[in-house]
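These notes are about the structure you will find just below.
Protein chains: 4
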Amino acid sequence: MSSVSCCASRASFSRLEDFESLAEKRLPSDVWEYYSFPSDGFTLQENKRAFQRYRLLPRVLRDVSTVDTAATVLGSRLDMPVAISPTAHHSLAHPDGEKATAKGAASANTAFVVSSLANYSMEDIAQAAPQGVRGFHLIPQKDPGRTTELLRRAEGAGYTAIWLTVDHHGRPASLMESAEGVRLPNLSFGDAPMEFRSSEFNAYMRDNLKKPVTWDDVVWLRKNTQLKIVLKGILSAEDAKEAVKVGVDGICVSNHGGRQLDGVPATIDALPDIIRAVDGKADVYVDGGVRSGTDVLKALALGARCVFVGRPVLWGLACNGAEGVQQVLQLLKEQLKLAMAQAGCSRVSDIKPSLIVHESYYLHGCHCPGS
Amino acid sequence: MSSVSCCASRASFSRLEDFESLAEKRLPSDVWEYYSFPSDGFTLQENKRAFQRYRLLPRVLRDVSTVDTAATVLGSRLDMPVAISPTAHHSLAHPDGEKATAKGAASANTAFVVSSLANYSMEDIAQAAPQGVRGFHLIPQKDPGRTTELLRRAEGAGYTAIWLTVDHHGRPASLMESAEGVRLPNLSFGDAPMEFRSSEFNAYMRDNLKKPVTWDDVVWLRKNTQLKIVLKGILSAEDAKEAVKVGVDGICVSNHGGRQLDGVPATIDALPDIIRAVDGKADVYVDGGVRSGTDVLKALALGARCVFVGRPVLWGLACNGAEGVQQVLQLLKEQLKLAMAQAGCSRVSDIKPSLIVHESYYLHGCHCPGS
Amino acid sequence: MSSVSCCASRASFSRLEDFESLAEKRLPSDVWEYYSFPSDGFTLQENKRAFQRYRLLPRVLRDVSTVDTAATVLGSRLDMPVAISPTAHHSLAHPDGEKATAKGAASANTAFVVSSLANYSMEDIAQAAPQGVRGFHLIPQKDPGRTTELLRRAEGAGYTAIWLTVDHHGRPASLMESAEGVRLPNLSFGDAPMEFRSSEFNAYMRDNLKKPVTWDDVVWLRKNTQLKIVLKGILSAEDAKEAVKVGVDGICVSNHGGRQLDGVPATIDALPDIIRAVDGKADVYVDGGVRSGTDVLKALALGARCVFVGRPVLWGLACNGAEGVQQVLQLLKEQLKLAMAQAGCSRVSDIKPSLIVHESYYLHGCHCPGS
Amino acid sequence: MSSVSCCASRASFSRLEDFESLAEKRLPSDVWEYYSFPSDGFTLQENKRAFQRYRLLPRVLRDVSTVDTAATVLGSRLDMPVAISPTAHHSLAHPDGEKATAKGAASANTAFVVSSLANYSMEDIAQAAPQGVRGFHLIPQKDPGRTTELLRRAEGAGYTAIWLTVDHHGRPASLMESAEGVRLPNLSFGDAPMEFRSSEFNAYMRDNLKKPVTWDDVVWLRKNTQLKIVLKGILSAEDAKEAVKVGVDGICVSNHGGRQLDGVPATIDALPDIIRAVDGKADVYVDGGVRSGTDVLKALALGARCVFVGRPVLWGLACNGAEGVQQVLQLLKEQLKLAMAQAGCSRVSDIKPSLIVHESYYLHGCHCPGS
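Chains as they are written, first to last, in the numbering used here: chain A, 1 to 371; chain B, 1001 to 1371; chain C, 2001 to 2371; chain D, 3001 to 3371.
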């Protein structure tokens, strides 16, 4: 079985959940609860359960003497079809924060989408791993000039894509004492306060961030940057079609890791309708609940070009800094490689819809008496 | 996340179940068991479980800068599409009984349907919150003159609708010592006994209440009052069509909170067939198992014009009197508002069937091999 | 709620399971295990679970001022569509054995099918309650003359139907010390040994009982008695059609209470196909897993003319002799009566298929997005 | 109920799980874990659960005075349609290893497929039970001459079939201290090292075994032996058709007992599509999760010609050597015989598709209101 050696713990970790357990032990409880939020979430659990409801139908006796997991995502060649979703506050997991995450991602030769709520500036993060592939998760400002300034900074720092999170409506996670005073240098300008949760900062946020963000903002964005644009948080076919219409390059099927509206579908379940609606006119990605190489294989068989992981990367970061991030990604890659070999796929392009069947085919197929 | 501050407990309550837990602690056990009856009920639990089987498909990037939960129900403008179902014996939860409930409902700008088994007279309840929107739950008398007298009292006291409970057939909840001697001033006349469970009262009830109540009584009612008429307890399309035929204004899909025939469908599951059968010719409401703002959103997406809550209001009443009732309603409203924003709805009229999908769409969709 | 007073325990029993619990306490453990066999049976549990998967759709505002549960079964008028299935060894539950069961059944004005493995002779049982309606469960003998003798005895003792159990193939329940030496006077002839489990008796059984019993025996039976004939243990449409062809009067859909082939369907699930196959050309009954009045209502709504109960009667017998049997039947009748009133049925003939819906209608109905 | 007396434990074992429990107690924990691997496997459990989702529909009143379980598999007459799948390292369960297994299989008059990872040479195993029916599980060598040598040895030792395992891709089970130094005499040649897990042996394996094995190897095999060829590990209809095309004699639907790619279908669920794809042009077998005679009956009703068991045989071997193996097989045969009698089948050819129904027929059949 695939496994990676986790230096910090000197243990051999063969499942992402091993990182999860160790991270839970190491992190302050308020940080752990913030990352794991919401504790009673239906969708949070459903994201994971849903993967278990798909069955793989392997093909045998194929030549899998070499298995290549390489993938091209938004024009960048990655070593695997697994990259890092934007998540906030990496400094709470490790002092080097997003700089460490960027190094880990670059070591694994995959992409990292930096959150606007990162604790290091996008320039510092870029410098920490200059060769890495990076996207920037943008939060539009009321003042379009300031949004433009953020775009120019991202372009200047070598980011290749702008991600817009479209499913965030202020369902706050639990309070975090540990987060008092951490810096958010990609959200404020000039001499504006940058310390999270200071009252000045909260007022600054309220007064300067655009709210709500609408389709008009996507149209504006399309006109104002040459970077690739990805919308993260789409669940309905209707919205996916609109996204294609306004010219986005990618759609990430996401429910914000179950942190926003509870009771929405698992992302892997929502994926097929989006794939059909987009009909090849944009890349489709998925995040939420990916915990193993077979999960990645299933998402790709259903049509995703790449999967993104959020929490598992934070666990790796908490366990072992940049190296932990790289270990988490490496483990997923090794698991994917084994699963591909077992399924008869030597390249990512061999991963076809015929490899996957929903359990309903077996559980609800009607074998009538006498038939 | 939405939450309300519950003064009496000085705690911040973010879920209706927080009120439930506190109410269970505060109430005498026989009263708690009466409200919660039946402890082994399948339908009681199914009402709640069924809501979890529907998935919301939010729409993103809509302008939800303002979200308005206001709704018009039977001609009255309410601040939210959530109102109070008739339940018996509010004095067992709080000494001010239905007077407190009426105040709480009025503070939240929504409607309260007063039970015939209220412990205060309909006039006293009206006076406690004169500006409130009120319905009266009528129990027909053998003597039509006395039923007429009740109608005239309701009209005189500013009630706008008569509710008829059509699914009650004498499956009694557990006995209640705490209820000995409470008054039921809307059930008896002149110098008739009004103390619950006295032997004289039981005999009076047996001799004076009409039993059974049939469609003929609805026809009679339609002829004898100008108030709106709502039938509560309909579960079949056949009965819904009959109700429309005899001219009712509203139908409340209800299974009496699981207190009568066990093994009937959850109300949210029974709702779509009723909506289809009624075909817009009357309002359709639903009660049973509503515990959150997303439940309300789901019921409205399936076509209900308003949802009604019973037990949660009693929990609020037990926790904090009129203020507790208002807190429960306020919490539901805040949850609904957030859920609407997350789903891309700025008005109740934006809540469309396309927002909701049954889990069977995901769980039982057949993704055949090779398809 | 319906309840009966159980004299022996001075408790008020409102559920059949109350009798079950008390019987378990009172009976020797080997007898309890014999009645409850098999402890790990899938079908045994499935019989009960399956009833819970059907939903009742009550009709409201019907005239249910009187509710009449009377039913006509094989030409006999019974006070309720619930009667007693053949089960072995009633003496292990109560010293009066089947004589007490017959008295209980007669007090409740319903029918009792006496097993060939009864511990009293069919004549003694008849004499204990001469006015009762009785069937006799026949085990064919190798010597047709002896089978004829059993038929003549049944006819002479006023039995109205012969029941043939067609699903018994020697899957023995656990051994029973308590059963050593009990008599089986309806199985042997002349001076043959009648004591259960004596080596002479076992040899006698092996040498004298016909094995296997086939369709030819049913044809023979049809020619050799004027009594009604019922086949108990049919689960397939194919066998039901054959039964009609050879001229039986009734079919009891049964899986031997889960005691024979495990993994067969629950009887209530198997019922609809049998109803369709028989197409009114014979009565169809069902036994297995009936534990409440709503179970009875569901079986009748699906087309059964009568339900039969086995274990619950043994529990009543163990708790309180003839009176216990009558209490169990009375409780089922009261529960059925209440359920009929709640469902809008004043007579058994009002119980129609439209009253019942399988949960799959709600759980697996496809509410597609946007539909 | 069927049961066998397990001499070593002096207990009467009526379920395969009784052997499992005793084996777990007797075996070193690393060996137990190796046999039971993987402890967290979904497919491992699903193989067993899936059998429970099929229902048997017995036919009654058939002449089952004699029940004959005999079956012809690849031209050999076996006493039952149950034989032994190849599994590795029988010496870890019992010192006589595969020699004992061969004796047990021969005593039960059924077939045994010897693994290439057997701890005794194929010649020694053949000699231990010369009259037994044997297949040999071949691992192709890089040097075709050596593969030919293995084929000639198998032919010379009276093996009748070559089995090729097509679903093994190096997902290793846990390490086994107990396995240090055991011999693998069917994998190496001349003076090559034969001791498992010595570093020389591992290097030898890496350098000499063909990897990957592809369809070309099956074609080569077909040309180079007159023995029957069986492919074990096929799950997709597409691969089954290819297998027929290249001329194999049998296909064993298998997922390697859940030890390789997790998340694949249960074998009994995958069987029907394979049966349809093969369309009678080859034998179809199934292994994985068979634990009782009703499981065997279900597999045969779905179209399998024979089922194979792996772990249960190792349990028998661990409990009681050759006799334990024979007891496990005997128990399955007795259970099958009883189940056939109960289902109305006197010969294996009487086991028809009409005997079996998937639970979805009952659980998800739509009984619409009013239908």
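Even for Gly, the Cβ is constructed at its ideal location relative to N, Cα and C.
Handout entry: Phe189 of chain A (DSSP reduced to helix, strand or coil)
Key = Coil.
Practice task
Ignoring anything shorter than 4 residues or poking outside the region 2139–2173 of chain C, list the alpha helix (DSSP H) runs there in chain order.
Solution key: For the region 2139–2173 of chain C, whole alpha helix (DSSP H) runs of length 4 or above, ordered along the chain, are 2144–2156.
Exercise for the section: Mind checking who Tyr1054 of chain B pairs with in its DSSP beta bridge? Expected result: DSSP, once it has assigned bridges, lists B:His1358 as partnering Tyr1054 of chain B.
Exercise for the section: Less than 8 Å between the CB atoms is what I'm expecting for Ile251 of chain A and Val264 of chain A, so what's the real figure, rounded? Expected result: Going by Cβ atoms, the distance from Ile251 of chain A to Val264 of chain A rounds to 16 Å, so no, they are not a contact pair.
Problem - Contact residues within the region 2188–2220 of chain C, judged by C-beta distance below 8 Å to chain D - result: Hits within the stretch, in order: Lys2211, Pro2212, Val2213, Thr2214, Trp2215, Asp2217 and Val2218.
Exercise for the section: Report yes or no: is there a C-beta of chain A within less than 7 Å of the C-beta of Pro1369 of chain B? Expected result: Confidence at Pro1369 of chain B is low in this model, with a pLDDT of 38, below 50, so its placement is unreliable and no value can be given for it.
Practice task
Give the secondary structure of Val2067 of chain C by DSSP, where H, G and I count as helix, E and B as strand, and everything else as coil.
Solution key: Looking at Val2067 of chain C - three-state DSSP - the assignment turns out to be coil, as it is neither helix nor strand.
Handout entry: Short-range partners of chain C found in the region 3027–3058 of chain D, where Cβ spacing is below 9 Å
Key = Here the close residues are Phe3051, Gln3052, Tyr3054, Arg3055, Leu3056, Leu3057 and Pro3058.
Practice task
Taking C-beta pairs closer than 7 Å, name the residues in chain A that His1364 of chain B reaches, listed in chain order.
Solution key: Neighbours of His1364 of chain B on chain A, chain order: Ser360 and His364.
Problem - When C:Ser2360, C:Val2357 and C:Leu2314 are compared against Thr2101 of chain C, the one with the closest alpha-carbon - result: The residue among C:Ser2360, C:Val2357 and C:Leu2314 with its C-alpha nearest the C-alpha of Thr2101 of chain C is C:Leu2314.
Problem - Under 7 Å between C-beta atoms of Tyr3120 of chain D and Glu3155 of chain D - result: For Tyr3120 of chain D and Glu3155 of chain D, no; Cβs fall outside 7 Å.
Practice task
For chain D, find out if any of its Cβ atoms is closer than 7 Å to the Cβ of Gln2260 of chain C; answer yes or no.
Solution key: For Gln2260 of chain C, the answer is yes, since a Cβ of chain D falls inside 7 Å of its Cβ.
Exercise for the section: Under 8 Å by Cβ, that's how I've got Leu3271 of chain D and Leu3302 of chain D pegged, so tell me the actual separation to the nearest angstrom. Expected result: Contact flag correct, Cβ pair sits at about 5 Å.
Practice task
Compare the C-beta of Pro3130 of chain D with all C-beta atoms of chain A and state if any pair is closer than 7 Å.
Solution key: At a cut-off of 7 Å between beta-carbon atoms, Pro3130 of chain D makes no contact with chain A.
Problem - Pairwise C-alpha distance: Thr267 of chain A and Thr3087 of chain D - result: Straight-line Cα distance between these residues: approximately 39 Å.
Exercise for the section: Under 8 Å between beta-carbons, which chain D residues line up against Leu227 of chain A? List them in chain order, please. Expected result: Neighbours of Leu227 of chain A on chain D: none; closest Cβ ~37 Å, over 8 Å.
Practice task
Under 8 Å between beta-carbons, which chain B residues line up against Gly233 of chain A? List them in chain order, please.
Solution key: Result: Val1060.
Problem - Selection of the region 1328–1343 of chain B by Cβ proximity to chain A, strictly under 9 Å - result: For the region 1328–1343 of chain B, which is checked against every Cβ of chain A, the residues closer than 9 Å are Leu1338, Ala1339, Ala1341, Gln1342 and Ala1343.
Problem - DSSP-derived helix/strand/coil call for His2393 of chain C - result: An answer regarding residue 2393 of chain C cannot be provided, because it is not within the stretch 2001 to 2371 covered by chain C.
Practice task
Can you check DSSP and say which residues form a bridge with Gly3250 of chain D?
Solution key: Looking at the DSSP assignment, Gly3250 of chain D forms a beta bridge with D:Val3230 and D:Asp3283.
Practice task
Use the C-beta contact count for Asp3269 of chain D: other C-beta atoms within 10 angstroms, 16 or more gives buried, fewer gives exposed.
Solution key: Buried is the call here.
Exercise for the section: For Asp1063 of chain B, return the contacting residues in chain A, with the cut-off set at a CB-CB distance below 8 Å. Expected result: The contact set of Asp1063 of chain B on chain A, defined by CB atoms closer than 8 Å, consists of Pro212 and Thr214 in chain order.
Practice task
Determine the chain D residues that contact Thr294 of chain A at a beta-carbon separation under 9 Å, and present them in chain order.
Solution key: The answer, in chain order, is Leu3261, Asp3262 and Gly3263.
Problem - Members of the region 2138–2170 of chain C near chain D, C-beta cut-off 7 Å - result: Against chain D - using a Cβ distance shorter than 7 Å - the residues of the region 2138–2170 of chain C are Val2166, Asp2167 and His2169.
Handout entry: Element boundaries [beta strand (DSSP E), containing Val82 of chain A]
Key = First-last of the beta strand (DSSP E) with Val82 of chain A: Val82 to Ile84.
Problem - Cut-off 7 Å between Cβ atoms - residues of its own chain near Pro2369 of chain C, not counting five sequence neighbours on either side - result: Residue confidence for Pro2369 of chain C is low, a pLDDT of 38 falling below 50, so the modelled location carries little weight; the figure read from the coordinates is stated next. Cβ neighbours of Pro2369 of chain C beyond the five flanking positions: none.
Exercise for the section: Taking only the alpha-carbon atoms, compute the straight-line gap between Glu123 of chain A and Arg152 of chain A and give it to the nearest angstrom. Expected result: In this structure, the CA atom of Glu123 of chain A is about 11 Å from the CA atom of Arg152 of chain A.
Handout entry: CA-to-CA distance, Gln327 of chain A to Ser2021 of chain C, given in whole angstroms
Key = Answer to the nearest angstrom: the Cα atoms are 57 Å apart.
Problem - Presumed contact (8 Å Cβ cut-off) between His1094 of chain B and Val1182 of chain B, rounded CB distance - result: Not really, about 12 Å apart at Cβ, beyond 8 Å.
Exercise for the section: Would you mind reading off the limits of the beta strand (DSSP E) that contains Arg77 of chain A? Expected result: For Arg77 of chain A, the enclosing beta strand (DSSP E) has its first and last residue at Ser76 to Leu78.
Practice task
Quick one: give me the first and last residue of the alpha helix (DSSP H) that Ala299 of chain A is part of.
Solution key: Its alpha helix (DSSP H) spans residues Gly293 to Ala301.
Handout entry: Cβ contact (3+ pairs, closer than 8 Å) linking the region 3287–3301 of chain D and the region 3252–3261 of chain D
Key = These segments touch.
Handout entry: Assumed close pair Leu74 of chain A, Asp283 of chain A - CB separation to whole angstroms, cut-off 8 Å
Key = Confirmed, Cβ separation roughly 7 Å.
Practice task
Would you kindly report the start and end of the unbroken beta strand (DSSP E) that includes Ala1341 of chain B?
Solution key: It is not in any beta strand (DSSP E) - Ala1341 of chain B instead sits in the alpha helix (DSSP H) that spans Arg1311 to Ala1343.
Practice task
Give me the Cα-Cα distance between Thr3214 of chain D and Asn3224 of chain D, rounded to the nearest whole angstrom.
Solution key: Taking C-alpha positions only, Thr3214 of chain D is separated from Asn3224 of chain D by approximately 16 Å.
Exercise for the section: Using DSSP bridges, identify the partner residues of Leu3379 of chain D. Expected result: Lying before the first or after the last residue shown, residue 3379 of chain D is absent from chain D, which here runs from 3001 to 3371.
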